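Novice: Chains as they are written, first to last, in the numbering used here: chain A, 657 to 975; chain B, 33 to 400. Note that beta-carbon positions come from the ideal geometry of N, C-alpha and C, so glycine has one too. Keep in mind it's a predicted model, so treat the numbers as computed, not measured.
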Amino acid sequence: MSGASDGQAGVVVQGVSRDFGPLRALDRVSLAVARGTVFGLLGPNGSGKSTLIRLLCGLLAPSEGVVEVDGLDVASRGEEVRRRVGYVPQRFSLYDDLTVAENLDFYAAAYGLRGAERRRRREEAAALVGVASQGGRLAGVLSGGWRQRLSLAAAIMHRPRVLLLDEPTAGIDPVARRALWDLLFSLAGEGVTLLVSTHYMDEAERCSRVGYLFQSRLLAEGPPDALRARPDVTPSGTRRLEAELGPGVAAGLARARALPYVREATIFGTALHLLVDDRATDAAVARDLGARALRPAPPSLEDAFVRLTALQGAERPGR
Amino acid sequence: MIGDLAAVLRKELLHLRRDPGTLRLALLIPALQLTLFGLIDTTVRDVPLAVFDQSLSPESRELVAALEASRVFRVARRVASRDALRQEIVAGRARVGLELPLDLHRRALTAERSSTLLVLVDGSDASVAAQAIDAVNGLALSRSLEVLARGVEALPLEPRVQVLFNPELRSAALLIPGLIGILLTFSGTLLTAFALVRERERGTLEQLMVTPLSPAAIVLGKLLPYLGLAMVQLAVVLVLMRVVFRVPIHGDLLLLGALSVEYLASLLALGLLISARSRTQVEATQRAQLFLLPSILLSGYIFPLTAVPAPLRVVSHLLPATHFIAIARGIIVRGAGLLDLWQHVLALGLIAAALLLASTRAFRKTLS
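1) At 4 residues or longer, what runs of the alpha helix (DSSP H) sit wholly inside the segment 266-335 of chain B?
2) Can you give the beta carbon distance from S327/B to L351/B, rounded, assuming they're within the 8 Å contact cut?
3) Does the beta carbon of V229/B sit closer than 8 Å to a beta carbon anywhere in chain A?
4) Please report the distance separating the alpha-carbon of G155/B from that of L57/B.
5) Classify R366/B as buried or exposed, calling it buried when 16 or more other Cβ atoms lie within 10 Å of its own Cβ.
6) Classify R963/A: buried if its beta carbon has 16 or more other beta carbons within 10 angstroms, exposed otherwise.
7) Please determine, among V866/A, L874/A, L808/A, the residue with the shortest C-alpha to C-alpha distance to S842/A.
8) Considering only residues of the segment 693-729 of chain A, which uninterrupted alpha helix (DSSP H) runs meet the minimum length of 4 residues and lie entirely inside it, listed in chain order?
9) Just the C-alpha distance for R919/A and L945/A, rounded to the nearest angstrom, thanks.
10) Can you round the beta-carbon distance between A960/A and L883/A to whole angstroms, since I take them to be within the 8 Å contact cut?
11) Between S203/B and L330/B, what straight-line distance do the alpha-carbon atoms span, to the nearest angstrom?
12) Could you name the residues that DSSP lists as bridge partners for S147/B?
13) Could you spell out where the alpha helix (DSSP H) holding F870/A opens and where it closes?
14) Closest to I165/B by CA distance: which of A368/B, S147/B, L299/B, L99/B is it?
15) Could you tell me the boundaries of the beta strand (DSSP E) in which T922/A lies?
16) How is the alpha helix (DSSP H) around A123/B delimited, first residue to last?
17) Going by C-alpha distance, which of L754/A, N701/A, Y767/A is nearest H855/A?
18) Any contact of the segment 358-372 of chain B with the segment 118-137 of chain B, i.e. 3+ C-beta pairs under 8 Å?
19) Please list, in chain order, all residues of the same chain as L811/A whose beta carbon is under 7 Å from its beta carbon, the five residues on each side excluded.
20) Determine the chain A residues that contact P244/B at a beta-carbon separation under 8 Å, and present them in chain order.
21) Taking all protein chains shown into account, do 16 or more other C-beta atoms lie within 10 angstroms of the C-beta of I359/B, making it buried, or fewer, making it exposed?
22) Taking 8 Å as the CB-CB cut-off, is E233/B touching chain A?
23) Just verifying my parser: in three-state terms, what is the DSSP assignment at S174/B?
24) Check each candidate in V96/B, G70/B, D78/B and name the one with the smallest Cα separation from D85/B.
25) Under the three-state reduction of DSSP, which class applies to G827/A: helix, strand or coil?
26) Just checking my contact of L380/B with F356/B at CB under 8 Å: how many whole Å lie between their CB atoms?
27) Which word fits P973/A, buried or exposed, when buried means at least 16 other C-beta atoms lie within 10 angstroms of its C-beta?
28) Are the segment 340-350 of chain B and the segment 62-77 of chain B in contact at 8 Å, needing three or more beta carbon pairs?
29) Any Cβ of chain B within less than 8 Å of the Cβ of S749/A?
30) In chain A, what lies closer than 8 Å to T312/B by C-beta?
31) Please classify G696/A as buried or exposed, where buried requires at least 16 neighbouring CB atoms within 10 angstroms.
32) If you measure from the beta carbon of G893/A to each beta carbon in chain B, is any gap under 8 Å?
33) Mind checking if G946/A is an interface residue toward chain B, Cβ cutoff 8 Å exclusive?
34) At which residues does the alpha helix (DSSP H) containing Y763/A begin and terminate?
35) Which of helix, strand or coil does DSSP assign to Q790/A?
36) So what's Y743/A in DSSP terms, helix, strand or just coil?
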């Protein structure tokens with residue numbers, strides 16, 4: 657896909673590390689996000705997602721490596737970068753004691769918008785995210801979903817080329833989540849480059865590409881389908897199965913994990929998702945677990961990440 | 033029941049241990065207060081005295097030496113005219129002025145008539161003034177008794193005391209100008225520190241930092257409203273002082289306003305410095321306390337500076353409040369002008385400049 661050289665990338669990160677004292681929050685991370693696409697950033701808490709996003713919007717400087725946003729080096733051209741970037745932090749960070757309209761007006765002014773243009777952009781953004789009807793309410797009394805929409809509106813009034821969102825859907829309901837993602841895709845359709853961190857696999861599945869950060873390193877990066885199809889996710893000589901167990905599924909999980917040929921087992925409803933060695937036949941698996949039904953199960957993105965994490969642990973037993 | 037209590041108790045002790053700041057403050061502040069109150073001796077000592085000695089005789093020297101020996105006075109200045117004597121008091125360099133007559137020498141010997149000592153007293157600090165008057169009267173009386181013992185009729189030394197300002201010796205004239213300095217300390221330092229720390233505490237600073245707004249615009253934009261608020265506060269206190277407490281303003285109101293801005297600049301800078309070091313408003317309050325307390329106790333607001341033990345007086349002179357209170361009292365009570373107060377104005381300016389430098393540095397560091 658696109659790299660730093662072809663000028664088509666909205667975001668380029670090359671060999672970037674960031675240290676906080678003795679702690680290495682990011683370790684030689686490289687990735688590129690093509691213009692007008694959505695990049696999903698995944699990884700457990702503390703893996704470096706927020707650090708990477710803060711590096712991209714210039715809040716932090718990398719200890720080593722290069723960060724480019726919309727073709728501009730963040731370190732040397734921070735001022736220009738700030739004008740082209742929109743940032744929605746993980747924590748709501750607009751003013752609780754200002755109304756929706758006052759918050760938007762302040763941020764429009766902060767991005768240098770003046771007079772009639774400011775008013776127009778403010779109303780445009782409010783209408784786009786659907787907060788226009790909330791204009792007179794204090795931001796502090798809004799529910800989580802409304803707050804996130806407001807944060808998004810504040811981040812897009814200056815028409816950024818790149819939009820960075822740090823867990824924008826954490827703690828908001830599924831309907832609001834879906835609405836927010838629809839908005840993000842419509843922005844991408846207009847050519848905005850988006851980088852979104854999330855814990856939700858369904859959100860990750862919708863991204864053009866995803867990256868998985870684990871213990872400060874980018875373990876995997878690519879389109880969701882490619883990640884699922886990676887040979888190390890389902891190594892040769894193994895296969896993935898779904899075993900329907902019914903109400904006894906919790907006991908079945910312990911049983912499955914004790915079987916020598918089962919490499920991974922996870923509960924999904926009343927079924928188990930298994931990664932098993934090919935030496936065990938379907939009949940043997942069904943018998944050992946007392947499964948009512950057995951069928952092949954393609955790996956989910958979550959399976960892929962769990963597998964990659966486990967492999968990482970096996971490689972570096974010290975950690 | 034006991035078990036429940038123990039559970040909460042144990043948790044609370046853990047909280048205390050995890051918050052060394054509060055603990056430190058809880059132990060430090062009483063120690064600081066006790067030390068200050070304990071060391072401060074409210075009996076008046078070392079009152080600066082200006083002497084206009086016309087007689088320049090052994091008798092006049094002896095008289096002044098006796099005044100100094102009482103430890104109530106120390107000769108701060110010797111001047112050559114009655115006007116100069118008065119000026120020393122207006123400028124605040126002396127609290128009491130003593131004029132010894134030309135004929136002190138002759139009259140002391142012959143005692144035909146009593147010899148009049150003119151004593152000018154700065155009435156702005158009522159308690160200091162009263163004690164100083166007592167001391168002069170006492171000395172004059174004992175001297176006179178010595179002479180009388182030699183069989184002379186008239187009292188040879190007769191002090192004529194003239195209270196220059198605040199003739200009714202009302203404490204309001206002293207306290208209210210001082211209070212202005214303390215009130216501005218609270219609003220100038222604490223509110224400023226809060227305004228910035230609040231942004232950090234609520235996480236709004238981060239959103240502000242990704243905008244193209246310059247740090248200078250952010251800081252100045254946040255400070256100016258508080259400067260305005262403090263100026264309004266000053267106006268309200270001055271009006272109340274004049275109208276309700278009937279303390280007249282003898283000096284130039286405009287000068288007071290201008291020097292208040294100088295004072296506020298130092299306070300805002302201090303607020304900025306505190307906010308740069310503090311993560312939460314509680315932390316900022318604790319830091320501010322360490323500055324506010326000495327500002328109340330060591331600035332001359334409650335106790336005269338002469339009552340502050342010498343080593344601590346160094347701290348006094350480093351506090352912006354000390355200089356501003358001297359300026360406010362000088363202008364309001366004694367009608368002092370810029371030339372009279374130049375030392376305080378200069379000192380305050382230097383303190384303000386140093387604080388501004390330190391605070392912009394500290395703030396820039398926290399932003400990056």
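Specialist: Per the coordinate set shown:
1) 285-309, 313-329
2) 5 Å
3) no
4) 38 Å
5) buried
6) buried
7) L808/A
8) 705-712
9) 14 Å
10) 5 Å
11) 18 Å
12) L189/B
13) Not the alpha helix (DSSP H): F870/A falls in the beta strand (DSSP E), residues 865-870.
14) L99/B
15) 918-924
16) That residue, A123/B, is in no alpha helix (DSSP H); it is neither H nor E in DSSP.
17) N701/A
18) yes
19) The sequence shown places Ala at residue 811/A, rather than the Leu named in the question. Same-chain partners within the cutoff: G742, Y743, V744, L819.
20) E735, R738, R739, A766, Y767, G768
21) buried
22) no
23) helix
24) V96/B
25) coil
26) 6 Å
27) Interpretation of P973/A is limited by its pLDDT of 47, a score under 50 that renders its predicted location unreliable; the figure taken from the coordinates is listed afterwards. Result: exposed.
28) yes
29) yes
30) The contacting residues do not exist; T312/B stays about 15 Å from chain A at best.
31) buried
32) no
33) no
34) 756-766
35) helix
36) strand
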